[in-house]
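Working notes for the structure below.
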Amino acid sequence: MSQKKFRILLTSLLAILSMLLLLWLFRKPVLAPTTFNADRARSDVLTQVSFGARHPGSEGHQQMIMWLSDELNQAGWSVEVQQEGTPESPILNLIAHRNQGEPLILIGAHYDTREFADRDPDPQKQSQPVPGANDGASGVAVLLELARVIPPDLPVEVVLVFLDAEDQGQIRQQDWIQGSTVLAETLLDTPQAVVIVDMVGDSDLRLPLERNSTPELQQTLWKIGQELGYGSIFVNEPGPSLIDDHIPFIQKGIPAVDIIDFDYPYWHTTSDTPDKVSPQSLKAVGDTLLEWLVKYHGSLREE
Ligand SMILES: [Zn+2]
0 MSQKKFRILL TSLLAILSML LLLWLFRKPV LAPTTFNADR ARSDVLTQVS FGARHPGSEG
60 HQQMIMWLSD ELNQAGWSVE VQQEGTPESP ILNLIAHRNQ GEPLILIGAH YDTREFADRD
120 PDPQKQSQPV PGANDGASGV AVLLELARVI PPDLPVEVVL VFLDAEDQGQ IRQQDWIQGS
180 TVLAETLLDT PQAVVIVDMV GDSDLRLPLE RNSTPELQQT LWKIGQELGY GSIFVNEPGP
240 SLIDDHIPFI QKGIPAVDII DFDYPYWHTT SDTPDKVSPQ SLKAVGDTLL EWLVKYHGSL
300 REE
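Numbering-wise, numbering that gives the first Met the number 0 puts 242 at position 243 of the sequence shown, and it's gapless, one number per residue.
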């Protein structure tokens with residue numbers, strides 16, 4: 000090969016390489032999946048239960064904070080840890096932000112699990128922690144999967160809150176719903192709606208209308224669930240009145256709904272394990288919330 004030919008070859012090669020580099024630099028971001036992945040949500044339940052007890056102060060509680068922050072960061076969310084309470088018993092809420100816009104919507108779930116299974120039928124087991132596959136992990140799994148599938152360009156400010164110390168009531172003089180109480184007291188902006196997701200993994204999931212929830216917002220959500228084909232889950236029947244993480248917001252006059260199936264025989268027992276949780280139940284709730292965000296608040300799908 001002559002020197003001239005070699006130079007032409009080298010120049011062409013360099014040109015091709017720079018073009019490839021430019022194409023790579025300006026490549027389109029991979030579109031985020033926009034359907035709720037039930038299997039991934041189920042695996043998030045298993046991961047949480049594998050951490051063991053997750054009450055404030057436990058090792059599993061710390062692992063939860065690290066794992067949640069990691070997963071949320073990977074999905075493009077920034078995470079702020081709100082620390083309140085006392086130095087001896089801090090309350091740590093995880094607040095995740097990504098989307099910008101109007102209105103502000105807050106979706107929350109408690110990530111702590113009850114320290115003692117004080118409703119276990121076996122008195123010997125009442126001093127053991129609750130595994131919290133449904134009571135704790137199911138709500139968190141729905142929120143985490145939503146974090147991955149909410150369209151990044153949805154023009155709504157969605158804030159996902161992972162609430163601490165919901166489930167320690169009457170243990171060492173603690174109250175229930177401590178994390179949400181702190182959050183509601185320290186809100187800088189008023190959300191247009193607050194939706195709490197708790198105990199939504201039950202394999203025969205039935206969600207009657209919790210009575211302390213804001214009826215209008217509740218009707219909107221239930222109608223969407225029914226339209227998506229989940230009519231046997233989102234039932235138009237009166238449910239119980241519960242003290243859950245929606246209450247501090249209701250007390251502030253903010254519309255809030257508790258999505259919960261309180262009819263769960265393993266509640267606060269050592270049998271609240273992953274085999275009681277159905278991925279399809281998690282998906283029914285996740286699909287409904289995603290549709291609500293996109294259809295009623297986004298401009299991605301105009302009616
Ligand atoms: Zn509980």
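Each residue gets a CB set at the ideal place from its N, CA and C atoms; glycine is no exception.
A quick note: this is a predicted structure, and the numbers were derived from the prediction, not measured.
### Query
Between V165 and ligand 1, is the CB less than 8 Å from at least one heavy atom?
Numbered from 1 along the sequence shown, position 166 holds the residue referred to as residue 165. Before going on, a small fix: residue 165 reads as Glu here, not Val. Indeed, a heavy atom of ligand 1 lies less than 8 Å from the Cβ.
### Query
Hey, out of I170, W175, D174, L182, whose CA is closest to L159's CA?
Numbered from 1 along the sequence shown, position 160 holds the residue referred to as residue 159. Ranking the options by Cα distance to L159, first place goes to L182.
### Task
Under 8 Å by Cβ, that's how I've got T33 and P150 pegged, so tell me the actual separation to the nearest angstrom.
The count along the sequence shown starts at 1 and reaches residue 33 at position 34. The count along the sequence shown starts at 1 and reaches residue 150 at position 151. About 6 Å separates the two Cβ atoms, so the contact holds.
### Query
Curious, which full-length beta strand (DSSP E) runs of at least 3 residues does the stretch 85-144 contain?
89-96, 103-109
### Message
At 4 residues or longer, what runs of the alpha helix (DSSP H) sit wholly inside the stretch 13-70?
### Response
37-49
### Residue environment, L162, which counts as buried when at least 16 other CB atoms sit within 10 Å
To locate residue 162, count along the sequence shown from 1; it is residue 163. So L162 counts as buried.
### Task
Spell out the partners DSSP gives I195 in its beta bridges.
Position 196 of the sequence shown, counted from the start, is the residue given in the question as residue 195. Answer is G107, D257, bridged to I195.
### Query
Within 8 Å: the Cβ of H245 and any heavy atom of ligand 1?
For the purposes of this step, residue 245 is taken as the residue at position 246 of the sequence shown. No, the beta carbon of H245 sits no closer than 8 Å to any heavy atom of ligand 1.
### Task
For Y229, I'd like the list of residues in its chain whose CB is within less than 7 Å of its CB, leaving aside the five on either flank, ordered along the chain.
Your numbering for residue 229 matches position 230 in the sequence shown. Answer for Y229: A283, T287, listed in chain order.
### Query
If you measure from the CB of V199, is any heavy atom of ligand 1 nearer than 8 Å?
Numbered from 1 along the sequence shown, position 200 holds the residue referred to as residue 199. V199 Cβ: outside cutoff for every heavy atom of ligand 1.
### Message
Is it the case that the stretch 231-240 contacts the stretch 166-173, given that we only count it when at least three CB pairs across the two stretches are under 8 Å?
### Response
no
### Query
If you run the structure through DSSP and keep just helix, strand and coil, what is D286?
Indexing the sequence shown from 1 puts residue 286 at position 287. D286 falls in the helix class under three-state DSSP.
### Query
What runs of the alpha helix (DSSP H), each 4 residues or longer, lie entirely inside the stretch 151-206?
177-185
#### Entry: Cα-Cα separation, R171 to G138
Start at 1 with the first residue of the sequence shown, and residue 171 comes out as number 172. Start at 1 with the first residue of the sequence shown, and residue 138 comes out as number 139. Taking the straight line joining both Cα atoms gives about 25 Å.
### Message
Taking 6 Å as the limit between beta carbons, can you name the residues of its chain near L30, skipping five residues before and five after?
### Response
The residue given as residue 30 occupies position 31 in the sequence shown. Interpretation of L30 is limited by its pLDDT of 43, a score under 50 that renders its predicted location unreliable; no figure is taken from the coordinates.
#### Entry: V193 beta carbon less than 9 Å from that of I259
Within the sequence shown, residue 259 is the residue found at index 260, counting from 1. Within the sequence shown, residue 193 is the residue found at index 194, counting from 1. Against a cut-off of 9 Å, the Cβ pair of V193 and I259 comes out as no contact.
### Message
In this structure, how does DSSP classify L241 when only helix, strand and coil are distinguished?
### Response
For the purposes of this step, residue 241 is identified with residue 242 of the sequence shown, where counting begins at 1. Reduced to three states, the DSSP call for L241 is coil.
#### Entry: Three-state class that DSSP yields for V78 in the structure shown
Start at 1 with the first residue of the sequence shown, and residue 78 comes out as number 79. Of the three classes helix, strand and coil, the one that applies to V78 here is strand, per DSSP.
### Task
Please classify L208: does DSSP put it in a helix, a strand, or coil?
Numbered from 1 along the sequence shown, position 209 holds the residue referred to as residue 208. In the structure shown, L208 sits in a strand (DSSP, three-state: E or B).
### Message
With a threshold of 6 Å on Cβ separation, who are the neighbours of W221 within its own chain once the five nearest residues in sequence on each side are excluded?
### Response
The residue you call residue 221 lines up with position 222 of the sequence shown. Cβ neighbours of W221 beyond the five flanking positions: F233.
#### Entry: Rounded C-alpha distance that separates R53 from T112
Numbered from 1 along the sequence shown, position 54 holds the residue referred to as residue 53. Numbered from 1 along the sequence shown, position 113 holds the residue referred to as residue 112. So the two alpha carbons sit approximately 5 Å from each other.
### Query
With distances taken between CB atoms, is the gap from E184 to I104 smaller than 9 Å?
Within the sequence shown, residue 184 is the residue found at index 185, counting from 1. Within the sequence shown, residue 104 is the residue found at index 105, counting from 1. No; because the gap between Cβ atoms is not below 9 Å, this pair is not in contact.
### Task
Return the bridge partner residues of V276 from the DSSP annotation.
Along the sequence shown, read from residue 1 onward, the residue named residue 276 stands at position 277. DSSP, once it has assigned bridges, lists D201 as partnering V276.
### Query
In the DSSP assignment, what residue or residues form a beta bridge with E83?
The residue labelled residue 83 in the question sits at position 84 within the sequence shown. I90, per the DSSP bridge assignment.
### Task
Evaluate Q47 with the Cβ neighbour count: other Cβ atoms within 10 Å of its Cβ, from every protein chain shown; 16 or more gives buried, anything less gives exposed.
Taking the sequence shown and counting its residues from 1, the one referred to as residue 47 is at position 48. The residue is buried, with at least 16 neighbouring Cβ atoms inside 10 Å.
#### Entry: Selection from P55, L67, P102 that minimises the alpha carbon distance to P86
Position 87 of the sequence shown, counted from the first residue, corresponds to residue 86. Ranked by how close their Cα comes to the Cα of P86, the residues P55, L67, P102 have P55 in first place.
#### Entry: Segment limits, alpha helix (DSSP H) that includes F248
Position 249 of the sequence shown, counted from the first residue, corresponds to residue 248. Residues 246-249.
### Query
Is W23 buried or exposed, if buried means 16 or more other CB atoms sit within 10 Å of its CB?
Within the sequence shown, residue 23 is the residue found at index 24, counting from 1. Exposed, because fewer than 16 other Cβ atoms sit within 10 Å of the Cβ of W23.
### Task
Can you give me the start and stop residues for the alpha helix (DSSP H) that W221 sits inside?
Taking the sequence shown and counting its residues from 1, the one referred to as residue 221 is at position 222. Looking at the DSSP string, the run of the alpha helix (DSSP H) that includes W221 is 214-226.
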